[in-house]
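J.: Going by the working numbering, the sequence shown opens with residue 18, and the numbers climb by one from there.
Using N, Cα and C, we set each Cβ at its ideal position, and we do this for glycine too.
Fair warning: this is a prediction, and the values are worked out from it, not measured in the lab.
So that we are looking at the same thing, I have put the structure below in structure tokens.
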Amino acid sequence: MTDIQPRPPAHAFPDQPRVGVGCIVWKDDRILLIRRGKPPGEGEWSLPGGSQELGETLADTAAREVWEETGVVVRPTGVLTAVDSILRAPDGRIHFHFTIVNVEADWLSGEPVPGDDALEARWATAEEWRSLVAWPALLEVLDLARMRRTQV
């Protein structure tokens, strides 16, 4: 019998940061959230998003990832901010390192259905996202997006 070791998740133990794109999709006063199905952050509520591919713009990445994870069609409207997500393994090595560019987008069509890397997908009001999202940096991003949207 062979002892088979599980492979680390894609992008684990990188030799450089990766560019990730999170998409803040607005439909009226609600945003689109997904519950992540894979590490990092497996099981946590987050924005739809993922790694930028070679030759792909930030807007293209945002629209593609939202479609793959939720089936929702969006129109990206601009970059809001960027945050770093650096997670260390117990031995101190960098397990994951993403620089996440947060793109805002308007909903065009479709209702959220979890797909690809998402366990769940849903629209959430500010009150709901504050009780669902655990990562403090993402809560700050969402509050910034809401503040910017209400000033327009």
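Which residue wins for smallest C-alpha separation from Trp84, given the options Ala138, Trp146, Ala143, Leu156?
T.: Ala138
J.: Say whether the segment 34-51 touches the segment 131-145, bearing in mind that this needs 3 or more beta-carbon pairs closer than 8 Å, one atom from each stretch.
T.: yes
J.: Taking 7 Å as the threshold (C-beta atoms), are Gly127 and Val90 in contact?
T.: yes
J.: Look at the alpha carbon of Pro93 and the alpha carbon of Val100, and state the distance between them as a whole number of angstroms.
T.: 18 Å
J.: Going by DSSP, which residues form a beta bridge with His114?
T.: Ile103
J.: Output the boundary residues of the alpha helix (DSSP H) element that contains Glu157.
T.: Run containing Glu157: 153-168, per the alpha helix (DSSP H) assignment.
J.: Less than 7 Å between the beta carbons of Val130 and Leu75, yes or no?
T.: No, these two residues do not count as a Cβ contact at 7 Å.
J.: With a CB to CB cut of under 6 Å and the five nearest residues on each side skipped, what residues in its chain are close to Trp43?
T.: Asp123
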